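Protein chains: 2
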Amino acid sequence: MATPDEIRATLDAYRATFSANDREAWLDLFTADATVEDPIGSELQRGREAIGAFFDTSHSMADSIELRPARPVPVAGHEAAMPFTIVVEVGGSKMAIDAIDAMTFAEDGRITSQRAYWDMAAAHPLED
Amino acid sequence: MATPDEIRATLDAYRATFSANDREAWLDLFTADATVEDPIGSELQRGREAIGAFFDTSHSMADSIELRPARPVPVAGHEAAMPFTIVVEVGGSKMAIDAIDAMTFAEDGRITSQRAYWDMAAAHPLED
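As they're listed, the protein sequences go chains A and B.
So the first sequence is residues 105 to 232, counted in the working numbering.
So the second sequence is residues 105 to 232, counted in the working numbering.
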């Protein structure tokens with residue numbers, strides 16, 4: 105089983121590569137048949153092609169998206185919940201959305217599923 | 105469907121009644137066939153009697169347990185993830201555990217399931 109440190113390293117890379125718009129490195133963090141439900145209630149995306157399309161759509165909706173760590177990540181067995189802040193820049197102004205991603209992991213530390221808790225209605229001006 | 109405000113009110117009551125050791129008020133926040141998996145990986149508790157036994161066991165392991173809010177709670181549809189800090193007092197000293205509860209809710213705002221992300225290995229001295 106992946107250790108808590110390996111799981112947290114995957115999550116650090118998840119935020120860093122997504123923020124850097126490094127599509128292939130971000131997709132490499134998932135297993136081949138991984139699923140993404142982002143946000144919860146939206147259509148489930150399964151596999152590299154579908155998850156890659158989600159990545160593209162997300163990045164097309166803003167000039168930049170930064171995923172900032174918010175507090176320590178609790179790990180329980182092969183699952184973890186990552187609190188973070190989505191910082192979205194559009195037309196020179198930045199908005200913040202408080203989010204949590206609930207994830208499961210494979211033996212090698214890669215992501216097998218992601219479910220994202222966030223709501224655009226709770227977006228607020230960024231406090232830096 | 106329960107509104108985000110109703111869901112957040114249930115979660116405020118969840119932390120307050122658990123911290124106050126108000127067993128019956130805490131149990132009233134769950135539906136009759138609700139489930140609790142706390143922490144993730146432990147045996148699933150279903151229904152008021154089993155969840156009440158979990159409450160009793162938790163409180164028997166410390167002189168006091170306080171659940172402190174940590175940051176805004178993201179709500180997605182009828183689900184929410186609550187970041188909080190478990191403050192455990194034993195023999196006059198306090199420890200803190202960073203936790204997240206992933207929960208689902210019924211139409212009336214009561215809890216239908218709870219899954220708790222935390223790990224005793226990540227406990228640390230309380231920073232007040």
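We treat Cβ as the ideally placed atom computed from N, Cα and C, and that holds for glycine.
All figures in this text were calculated on a predicted structure; none of them were measured in a lab.
Asked	Found
Residue environment, residue 202 of chain A, which counts as buried when at least 16 other CB atoms sit within 10 Å	buried
Closer than 9 Å to chain A by CB, residue 222 of chain B	yes
Sub-9 Å separation of residue 205 of chain A and residue 106 of chain A beta-carbons	no
Simplified DSSP assignment, three categories, for residue 171 of chain B	strand
Residue-level contact to chain A via CB, residue 170 of chain B, 9 Å cutoff	no
Cβ of residue 204 of chain B within 9 Å of any chain A Cβ	yes
Secondary structure of residue 143 of chain B, DSSP reduced to three states	coil
C-beta contact flag for residue 166 of chain A and residue 140 of chain A at 9 Å	no
Closer than 7 Å at the beta carbon, the chain A residues around residue 210 of chain B	Ordered by position in chain A, no residue passes the 7 Å Cβ test against residue 210 of chain B, which lies about 16 Å from the chain.
Proximity below 9 Å, CB of residue 228 of chain A to CB of residue 186 of chain A	no
Ranges of the beta strand (DSSP E) found wholly within the region 148-232 of chain B, counting only runs of at least 3	168-173, 183-194, 197-209, 215-221
Residue 177 of chain A vs residue 133 of chain A beta-carbon contact at 9 Å	no
Cα-Cα separation between residue 171 of chain B and residue 190 of chain B, rounded to whole angstroms	5 Å
Residues near residue 150 of chain A in its chain [Cβ-Cβ closer than 7 Å; skip 5 each side]	137, 139
Exposed unless 16 or more other CB atoms sit within 10 angstroms - verdict on residue 109 of chain B	exposed
6 Å Cβ shell around residue 118 of chain A - same chain, five flanking residues per side excluded	133
Between the CA atoms of residue 161 of chain B and residue 145 of chain B - distance to the nearest angstrom	17 Å
Coarse secondary structure for residue 135 of chain B, derived from DSSP in three states	strand
Cβ of residue 175 of chain A within 9 Å of any chain B Cβ	yes
Distance CB(residue 175 of chain B)-CB(residue 175 of chain A) smaller than 9 Å	yes
Chain-ordered chain A contacts of residue 192 of chain B [CB-CB under 7 Å]	By Cβ distance, chain A contributes nothing, its closest Cβ being about 15 Å from residue 192 of chain B, past 7 Å.
Element boundaries [alpha helix (DSSP H), containing residue 107 of chain A]	Segment: none, residue 107 of chain A is in no alpha helix (DSSP H) and carries neither H nor E.
Check whether residue 220 of chain B and residue 143 of chain B have beta carbons under 9 Å apart	yes
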